[in-house]
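Here is the structure we will look at, set down as C-alpha cells.
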Amino acid sequence: MFFPISRPEDFVLVEELPSAELSKHWKDSGLTPGTPFLEGGLLGDVTLVEWGCRNEWYEGRLQEDPIRIETSRYLNSKITQLDFRKHHSPLPAKVITSEEHLFAELEETKLPIVLKSEFGLAGRNHIIFKSPSDSWKMSQVNKKLFGFPIVAESWVGEERFFDFSTLWDVLDGEFFYLTSTAMLIDKEGVFRGIRIAGTDLPHSAHFLPPVMDLVRDTKGLVPKEYSGPCAIDGFLYREEGRTQIQPVSEFNFRYSIGRILWEIRKKRNAGKDTVSGILILPYPKQGSLEEWSTLNRLEKELGVSLILLTPVRDLSGKPYQNTVLYFETTEEKEPSVVESIWLSWMA
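The numbering used here puts the first residue of the sequence shown at 4, with every later residue one more than the last.
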C-alpha cells in the first residue's frame, strides 16, 4: 500500500517484489513508486515510515521497539479510547471483562448492542446482538474478538445512514486537520471502501464542529511521543426522526485507508470536480479473475481512471483474499461506477 504514495527516492520494504506488470501500471498511472527491497538489503540510517508506529530500523532490519509498541497499544485500544471520547459520544459504551460479565450485561441491557474487540480493523472484529435469540453468538467471542476485555456499545445499524472519517496529522500532541472522507459500509457494518470529493462532504457542517470539540478535549491524553497520521471515524444516525452525530466510533493512530487515498489524490492532482475513491474488492469465489482485461474494459465502458494499489495475486499466481482499487470519476457518475466495478469484479 505504500508503493503508490512513495517517491522515486524512497525505498519500500516488501516480503515479495512487485511484478513488472504492476510496477509499469503504477508508472503509467502517473505514480512515482520507490525502489522495492527485501529485508537485509538496505543498510545505513533511514527515516522510517510504517503503517503503524511499532518498530525501529537496526542494521538493515525492522526490530520491534517495546516503547513504541506500548504507545501504539495505548493509542489504538478501544478501551483506552473510551476515555478519549468521554462526554462526546451519545451512545453508551462500557468495558466487558469476562464471559460472566457479558452474560449479565446481555440480561440487563437494552438490545441491540455491538461487541467490539479491543484491537480490530475495518469493522471486521465485532459481533452484533439484536435479540435474545442471538445468544448462540457467545461462542464467537474468542474466535472473532480474541477474548476479553471487549467493548459493548449500543448498536444503531438500522438507523445509521452516513459514515465519515476525519484525517489528521499529529505532532507533539497537537492535531492538524487535513480533510474528511465518506466511508462505504455494507449492511453488516463491514468497511468496503472510502471516497473523497473535491467539494465539502454532505453533512460536514454538522459533524465537523463536534469532532473539533472532541479533538480539543483529547489533546492532553495523547502522548507526545507519537507523531504521525490519525483518522477519527464517526457516523450519523436517526433517533426518533432526528439526526444524531456520533463524532467518534474509533481513533486510528496509523496510516488508514483514508490517509492513503488522500495521499494518492494529492499525487494525482485530482481536480475539484473529481471524486476519488478506494474499494476493497474480495477475490471472486466462483472462478478466476482476469484483472487487467477487466480494468481496461471498465475504464472504457465507464469513462473512469482505475489503478490497482495492491496485486491481485502473488508471484506464484495464488490470489490474495482482497485487492485494493483506486478510482476517479465525477459526483454524478460515482454511484453507478461503484456498482459497476463491484458487479464486474465479483461476476
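Yeah, the Cβ is synthetic: ideal placement off N, Cα and C, and Gly gets one too.
Tell me which same chain residues have a C-beta within less than 6 Å of the C-beta of residue i, skipping the five on either side of it?
| i | result |
| --- | --- |
| residue 225 | 176 |
| residue 352 | Nothing about residue 352 can be reported from this structure: the residues present for the chain run from 4 to 350 only. |
| residue 266 | 8 |
| residue 151 | 100, 101 |
Under three-state DSSP, which class holds residue i?
| i | result |
| --- | --- |
| residue 89 | coil |
| residue 84 | helix |
| residue 223 | helix |
| residue 345 | helix |
| residue 333 | strand |
| residue 229 | coil |
| residue 339 | helix |
| residue 76 | helix |
| residue 234 | strand |
| residue 67 | strand |
| residue 45 | coil |
| residue 29 | helix |
| residue 311 | strand |
| residue 239 | strand |
| residue 18 | coil |
| residue 59 | strand |
Quick one: what's got a C-beta closer than 8 Å to residue i's C-beta in the same chain, skipping five residues either side?
| i | result |
| --- | --- |
| residue 315 | 286, 292, 294, 322, 323, 326 |
| residue 22 | 314, 318 |
| residue 264 | 184, 197, 198, 199, 279, 280, 281, 329 |
| residue 128 | 119, 120, 122, 147, 148, 149 |
Between the alpha carbons of residue i and residue j, how many angstroms are there, rounded?
| i | j | result |
| --- | --- | --- |
| residue 37 | residue 311 | 16 Å |
| residue 137 | residue 212 | 37 Å |
| residue 307 | residue 17 | 30 Å |
| residue 86 | residue 251 | 12 Å |
| residue 203 | residue 232 | 21 Å |
| residue 288 | residue 342 | 18 Å |
| residue 134 | residue 95 | 18 Å |
| residue 76 | residue 254 | 12 Å |
| residue 113 | residue 186 | 28 Å |
| residue 140 | residue 304 | 44 Å |
| residue 143 | residue 82 | 20 Å |
Leaving out five residues before and five after residue i in sequence, what residues of the same chain have Cβ atoms less than 7 Å from its Cβ?
| i | result |
| --- | --- |
| residue 223 | none |
| residue 229 | 56, 74, 78, 173, 256 |
Report task. Please list the segments of the beta strand (DSSP E) lying wholly inside the segment 127-200, counting only runs of 3 or more residues, in order along the chain. Result -> 129-132, 153-157, 163-174, 177-188, 194-199
Query raised in the report: Counting Cβ pairs closer than 8 Å, one from the segment 193-205 and one from the segment 66-74, do we hit at least three?
Result: no
Query raised in the report: Is there contact here, the segment 291-303 with the segment 267-274, by at least three beta-carbon pairs under 8 Å?
Result: no
Query raised in the report: Could you give the uninterrupted runs of the alpha helix (DSSP H) lying entirely in the segment 249-309, keeping only those of 4 residues or more?
Result: 260-271, 294-305
Query raised in the report: Do the segment 255-263 and the segment 96-112 touch if we need at least three Cβ pairs shorter than 8 Å?
Result: no
**Report entry** beta strand (DSSP E) runs wholly inside the segment 97-126, at least 3 long, in chain order
**Finding:** Taking only runs of at least 3 residues, the beta strand (DSSP E) segments lying wholly in the segment 97-126 are 116-120.
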